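Input: a single structure, listed below in structure tokens.
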């Protein structure tokens with residue numbers, strides 16, 4: 001198929017990504033044009049389509065309307081650059097069972113006192129390097145995305161984990177909800193498909 005045009009305006013995360021995934025896997029278009037109406041979708045769809053071997057150009061073509069134009073790179077396979085595929089093909093089975101995903105759903109640790117909870121969260125993130133290479137991903141959703149802004153002291157700890165090689169995945173819908181898309185200072189803006197995949201492929205999930 002030469003070209004596929006998809007109108008994904010008004011669709012909640014992760015539907016635009018799922019629609020793009022279906023089109024790529026079933027129709028294999030040379031060019032994919034996707035219309036979206038929020039910045040989180042722009043980042044999520046662009047990242048996913050790029051992982052499938054497409055070169056993506058995003059342009060704002062109207063008031064809060066973006067057109068993503070993706071051209072297939074024939075020198076790349078459909079799975080080249082896909083983090084999940086690399087995980088499953090480049091590591092032995094015995095290494096897979098050592099992947100830890102930390103799932104953070106709020107910006108404090110525990111309940112009862114938020115000031116104490118903030119200190120505990122900072123201490124928690126400071127201790128995660130003890131996992132070493134076993135720490136695979138840190139996934140932040142809901143209030144947890146607030147930890148990724150420069151004004152939050154936990155942001156530096158997340159940057160340190162990223163430098164160690166851990167993936168920091170930040171929910172785009174959550175950032176958009178809190179008005180923090182532009183304030184995010186660490187990690188990749190992601191979608192619910194990536195969140196679910198991170199939980200599915202991990203050998204151990206720590207939820208806080």
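In UniProt numbering, the protein residues as written are 1 to 208.
Idealized CB from N, CA, C, for every residue including glycine.
What you are looking at is a predicted structure, and each value in this text was computed from that prediction instead of being measured.
Burial check for residue 141: the Cβ neighbour count within 10 Å reaches 16 or more, so the residue is buried.
Around the C-beta of residue 26, fewer than 16 other C-beta atoms lie within 10 Å, and the residue is accordingly described as exposed.
Beta bridge pairing from DSSP links residue 106 with no other residue. Comparing alpha carbon positions, the residue from 139, 179, 114, 35 closest to residue 194 is 139. Contact between residue 157 and residue 126 is confirmed by a C-beta separation of about 6 Å, below the 8 Å threshold. As the crow flies, the alpha-carbon of residue 205 is around 18 Å from that of residue 107. Distance check between residue 187 and each of 18, 47, 33, 74 places 47 closest, using alpha-carbon atoms only. Rounded to the nearest angstrom, the Cβ distance from residue 100 to residue 66 is 35 Å, too far for a contact under 8 Å. Judged by beta-carbon spacing, residue 7 lies within the 8 Å limit of residue 35, meaning their Cβ atoms are closer than that value. Taking residue 4 as the centre and dropping the five residues before and after it, the same chain places the C-beta of 23, 27, 29, 31, 32, 33 closer than 8 Å to its C-beta, in chain order. Residue environment for residue 196: exposed (fewer than 16 other C-beta atoms within 10 angstroms of its C-beta). The three-state secondary structure of residue 3, taken from DSSP, is strand. With respect to the 8 Å criterion, residue 73 and residue 176 are not classified as neighbours on the basis of their beta carbons. Assignment of residue 182 by DSSP, reduced to helix, strand and coil, places it in the coil class. Nearest to residue 185 by C-alpha distance, out of 14, 145, 133, is 145. Residue state for residue 58 is assigned as strand, using DSSP reduced to three classes.
Assignment of beta-bridge partners to residue 67 by DSSP yields 35, 59.
Judged by their CB atoms, residue 17 and residue 191 are nearer to each other than the 8 Å cut-off.
The continuous alpha helix (DSSP H) containing residue 18 extends over residues 15-27.
Per DSSP, reduced to three states, the secondary structure at residue 159 is helical. Under the DSSP assignment, residue 195 falls outside any beta strand (DSSP E), being part of the alpha helix (DSSP H) whose first and last residues are 192-201.
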